[in-house]
Amino acid sequence: MLNVSDNKNNNQYIKLEDYKPFDYEIPNIFLDFIIEDKRVIVKTELEFIKKNININSLILDGIDIFVEKIYLDESLLEENNYSIQKNRLLIKPILKETFTLKIVGTIKPKENFSLLGMYESNGIITTQCEAEGFRRISYHSDRPDILSKYKVRIEANKEDFPVLLSNGNLVKANDLKHRRHEVIWEDPYPKPSYLFALVAGKLNCIKDNFNTKSNKKVEINIYVEKGDEKYVKHSINSLKKSMKWDEEKYNLEYDLSLFNIVAIRHFNMGAMENKSLNIFNSKLILANKETTTDEELERIEGVIAHEYFHNWTGNRITCRDWFQLSLKEGLTVFRDQEFTSDLHNRSIKRLEDAKFLRKAQFREDSGPTSHPVRPEKYLEIDNFYTTTIYEKGAEIIRMLKTLVKEENFNNGFSNFISTYDGKAATIDQFVNKILENNKEINNEKFKTWYKQNGTPLVKFKRKWDKEKQILKIQVSQINSNKKNLYNDLPLIIPINIAIFLNSYEKIKKTLILKEKEEEFTLENINSKFDSPIISYFRNFSAPIKWETDTTFAEKLLILEFETDYFTIYDTIKGIYKKIICKRIYEEPDINIENKLITTLRSIIRNNKSINLSLLSEILSIPTFSEIESEIKKVDPLKVYKTIDDLNYLFGTKLKVELLNKLKEIDKNITKLWPEGKDERKLIETIWRLLLHSKYEGIKNKVISYIDSNSMTLSKAALNVFTRINCPERELISNIFFNKWKHNPVVLDNWFFFKASIEINNNQKNIEALFKNEYFDVKSPNTLKSILNAYVTRNSLFHSRDGSGYKYVADKILEYDKSNPIVISRFLKIFSTFRQYENPYKRNIIKVLDYIKKNKLSPNTREIIDAILN
Ligand code: ARG
Ligand code: ZN
């Protein structure tokens, strides 16, 4: 056998600068799957065309495939012509310019617990190939820039596997001897291997259809496990809305006459956009108002749209290499955000997206795993499915749209689609298309957004000449992360501002900051105030942080005059943050607290037309995870206590207004989603405040909703009791558990609740959840519910003796063996320890060292090294 060096798992970085096109094209692939009891035989036929005539060998990727035979153009290859190393197959010499390679191998889905490649979930055989899972099914040069047409034959026992699915069109279905059957699927569109999918098993199908704008009928099939049929209506509607929206907004039509969705319980991510065969985590398909909250209904609608939108941004136009991941993910997130904005409330959606970005992406970007939206190197690509690639990527695209204006953006987008259809593209190519006819924005300079990491800080200072009515705004930008050379370069930043002249008049403008320091001069500013009041980054026009010279009194005026939801929300949150910090590090600032309470009281009383979701945001004291990354020296127990105290204070002081509001909205809370959702959101916030204020009159009212037929309200009832230590808490927990124990998707809410509540003998309480008879070891959802609740909601995780950290470290080690993708992501909760005070900091370092000394998956190894570096 020949020798071949294996450069993966050797702790060697894959680098963007090393990108080279593949030496061959593979226009056609034929895959033949024979599903047996304990194994699947996979016969692969790859058609090669040599592109680089100087090459006479071939290297393919493959993991855990047992190879039986290899043929080169029908002739069996002798063993000295190839060698198989851990993750590679090398064949040589290959002198022909076109040839077919046929590989016969076997794989064992039943023994695969990684949820990558081909595996079993509740008796159903399924696949996950993105990013590098195809190589666990078949030998292939498993990279996204090789586009091939796939033909797939699947053969299996008919009783256990009545449904056999793959991508494209079903071209043949046949019964065979011995109660077996076969099907053949053909996908006419060339695609990269990561979009391949196969599903086999006992599934029930719910059918519907959609007529495209050119009047083609698309058959829609949703496949679920038996008993789940009644939960798919919402998903089907969401899919049809998505199809229609993409036609209307971007003129993009679905390109096949069949669209399949499969719901799988054991799925690591949300969902996967495999061509015409989307595979979803069941929790993102199964829904109705009795089992699903308003928030989840909107998220399901959004994820279905996201995967559907990938058909164009991702599938028809794919990524040249994995460094370009944000080309499809950032763009598709941007598209699903726009979809939700158009269907629901654009201002609220913007506020929610900004809130999420700050909580999750800013946190990531300020810690050790911070990376650019287009990274330059990686060890494990699975570690890069991050909120930076997805959500910050979407923000960059949103800025492009702000800079070139909507119409030009849409033209550039369409141009990109038609130019790169059927190809693998890069982020550079996308940006060039959007900026093609633009003279004002320099392409290369704008692209710095993709190369920098960390969150830039913009500072504003006003200079006001009242006599001449000239306002100067001095602006500077800085990125304090010094590890990346690009971080020193100035970014192009769109800044939406409003200048308030008096209580009813404002000037709106978009400043475009291009240099490190700039001064903007505005003339004829006829302001009645001592100095014009300005709100910056309205509608969150850039994913950055900022500092201003706005005084507290001016902020209160902004709250009175602003109409931009994001700015109102942001101004209030800034005040809460100040109040929390004062209480933690100094004394409570009674003056500011009282002024905020007075303002809130007047908003609740007088502003009858305010959007109730916005009101709910305004009245919500920040949570631990919202505030954690905003403060410098974290004493977690103090933070939890301060938040509890403020809930008590605000609940007590605003009691009369809150009770009145409750009465006012009561009649609307039973309306069907999307109606009534703002009311239901507000009700949870009001319940929380009143319950924390120890107002006994609210308890029974809340409890009465625990078995309500609205999941939004019953989950709200659970949520608000999380930090209220009283006998009723156990009562509602039992009611919820008994009602839902047979519905695993809903029961995860109960696991989350139980892991959040603080009772003595804490770890015993958590451990009991892992031992619960309804805990499914193979379900990443339940595992994530328990772990996330414990570390983000339960202050006992931060016990001063470090026992909570140690407990979680042991769980990390235990589950890293079976599910490294989930665990390596989860490990990042320890990444903010540098901001922590002792003994917390010391204790976290101790457990990180302990984790590091154990045998870890490559995914988790990469993260722990980054955290400790
Ligand atoms: N492309 C999928 C989506 O965003 C996510 C797949 C994640 N896969 C992974 N191995 N991390 O819709
Ligand atoms: Zn995606």
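Numbering (the working numbering), first residue to last: 5 to 873. Quick reminder that beta carbons are idealized off the backbone N, C-alpha and C, glycines included. Since this is a predicted model, take the numbers as computed values, not measurements.
Would you mind working out which of the options sits nearest residue i, comparing C-alpha positions?
i	options	result
I562	K549, I576 and I33	I576
P166	R184, N219, T674 and L20	R184
Y580	D325, D553, L489 and N651	N651
E144	T726, N91 and Q341	Contrary to the premise, residue 144 reads as His rather than Glu in this sequence. When each option's Cα is compared against that of H144, the closest is N91.
A275	R367, Y389, K487 and L475	Y389
T602	L817, I614, L653 and E591	L653
Y644	E395, L526, Y508 and R797	R797
K518	C585, E566, N447 and E163	N447
T344	V706, F360, P372 and E305	E305
L120	K114, C133 and E384	C133
W316	V750, N765, L199 and G205	L199
I38	A160, V175, N457 and V266	A160
F779	I763, S803 and V749	V749
Below 7 angstroms CB to CB, which residues in the same chain sit around residue i once its five sequence neighbours on both sides are set aside?
i	result
Y424	I321 and Q433
N11	Low per-residue confidence applies at N11: pLDDT is 39, beneath 50, and the placement is therefore not dependable enough to give any value.
D853	none
I401	G334, L335 and F338
K586	P592 and D593
L872	L852 and K856
I849	F837
I need the boundaries of the alpha helix (DSSP H) containing residue i, first residue and last residue.
i	result
M273	Counting along the chain, M273 falls outside any alpha helix (DSSP H), and DSSP gives it neither H nor E.
D357	R350 to F360
N415	E410 to Y424
G808	S807 to D820
V706	K703 to I707
Grab me the residues of residue i's own chain with a C-beta within less than 8 angstroms of its C-beta, minus the 5 sequence neighbours each way, in chain order.
i	result
W550	L461, V462, K463, F464, Y540 and F541
V851	G806, Y809, K810, V812, A813 and F834
I728	L695 and H696
Note down the Cα distance separating residue i from residue j, rounded to an integer number of angstroms.
i	j	result
I867	S835	9 angstroms
K24	E49	24 angstroms
N598	N672	31 angstroms
H238	L301	8 angstroms
K667	L686	12 angstroms
M5	R43	For M5, the predicted model reports a pLDDT of 35, less than 50, meaning its position is unreliable; a value from the coordinates is still stated below. Near 27 angstroms, if we compare the C-alpha coordinates of R43 and M5.
F52	Y193	18 angstroms
L288	E229	14 angstroms
Y659	N704	Inspection of the sequence shows that residue 659 is occupied by Lys rather than by Tyr. When rounded, the distance between both Cα atoms is 17 angstroms.
E732	D340	41 angstroms
L94	N60	11 angstroms
I631	E688	20 angstroms
D553	K559	10 angstroms
D369	S712	40 angstroms
I67	A546	42 angstroms
E777	S118	23 angstroms
S633	I607	29 angstroms
E521	S480	4 angstroms
E504	N349	Just to set this straight, residue 504 is Phe in the shown sequence, not Glu. Each residue's Cα considered, the two are about 25 angstroms apart.
I308	G426	23 angstroms
I30	R157	19 angstroms
G231	L168	20 angstroms
The beta strand (DSSP E) with residue i in it runs from where to where?
i	result
W189	R184 to K195
T3	No information on residue 3 is available, as it lies outside the stretch 5 to 873 that the chain covers here.
I433	The question names Ile, but residue 433 in the sequence shown is Gln. Element bounds for Q433: not the beta strand (DSSP E) but the alpha helix (DSSP H), I431 to I438.
C209	N208 to N215
W316	Segment: none, W316 is in no beta strand (DSSP E) and carries neither H nor E.
E866	Run containing E866: none in the beta strand (DSSP E); it sits in the alpha helix (DSSP H), P862 to L872.
L169	V167 to S170
Leaving out the 5 sequence neighbours to the left and right, which residues in its chain are closer than 6 angstroms to residue i when beta-carbon positions are compared?
i	result
F801	Y794, V795 and G808
K19	K381
L407	I445 and P498
N506	K532
I107	T48, I74 and Y143
E149	As written in the sequence, residue 149 is Asp, which differs from the Glu given in the question. Within the same chain, D149 has close Cβ partners R324 and A428.
D639	E841
Using a Cβ-Cβ cut-off of 9 angstroms, state whether residue i counts as contacting chain B.
i	result
P166	Absent from the structure is chain B; it holds one protein chain and no more.
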